[in-house]
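What follows is a set of notes on a single structure, which appears directly below.
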Amino acid sequence: MSEQPHVVNKAGQVSTDQVEPVMDRISDDRKKQILDDFENFKSYLGKRIRMAESIGLSEESMAKVAQKIADYLAKHEEPQNSEEKLLYELWKVGDEDQRHKLAHMLVRMVQADKA
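Start counting the sequence shown at 100; every next residue gets the next number (my numbering).
As structure tokens, this is what we get:
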């Protein structure tokens, strides 16, 4: 049996090239559940951020993964609510540097929610 690829391997190394295959493995029903409500989205992201922190990932590493996930969502998913629509519109008009900064802000937003 082959092991499925992960964004973070057992050694704690980040492989952002694995974001798309991992996202593709999430069922449509699960994606809908996560994206239907912005609070659900933040909760889902927060759980992943806490997991990343627990294995010692830096904010920069988390932001790189968040940026790849946001790229994926912008290409493959329709915004489901006004908050996601705003993020989508900001993502569309931002350049690479601005998108990276927005990814940092998303990480910090969910970190602040748990405080």
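Cβ coordinates follow ideal geometry from the N, Cα and C atoms, glycine included.
Contacting residues, own chain, Cβ-Cβ under 6 Å from residue i (five flanking each side not counted)
i           : result
residue 205 : 165
residue 132 : none
With 16 other Cβ atoms within 10 Å as the buried cut-off, status of residue i
i           : result
residue 167 : buried
residue 148 : buried
residue 144 : buried
residue 185 : exposed
residue 124 : exposed
DSSP-derived helix/strand/coil call for residue i
i           : result
residue 192 : helix
residue 106 : coil
residue 100 : Note on residue 100: pLDDT 43, under 50, position unreliable in the model; no value is reported.
Own chain partners of residue i with C-beta closer than 8 Å, once the 5 adjacent residues on each side are dropped
i           : result
residue 173 : 187, 190, 191
residue 208 : 141
Rounded Cβ spacing between residue i and residue j (contact assumed at less than 8 Å)
i           : j           : result
residue 196 : residue 141 : In fact, because the Cβ distance is near 24 Å, the residues do not count as touching under 8 Å.
residue 130 : residue 176 : 7 Å
residue 58  : residue 115 : This structure cannot speak to residue 58, because the chain is shown only from 100 to 214.
Other residues of its chain near residue i: CB distance less than 7 Å, five sequence neighbours each side excluded
i           : result
residue 202 : 162, 165, 166, 169
residue 135 : 179
residue 137 : 180, 182, 183
Closer than 7 Å: residue i CB and nearest the ligand FAD heavy atom
i           : result
residue 127 : The ligand FAD is not among the ligands present in this structure, which contains no ligands whatsoever.
**Every unbroken alpha helix (DSSP H) within the stretch 156-212, with a cutoff of 4 residues, ordered by chain** = For the stretch 156-212, whole alpha helix (DSSP H) runs of length 4 or above, ordered along the chain, are 158-175, 181-192.
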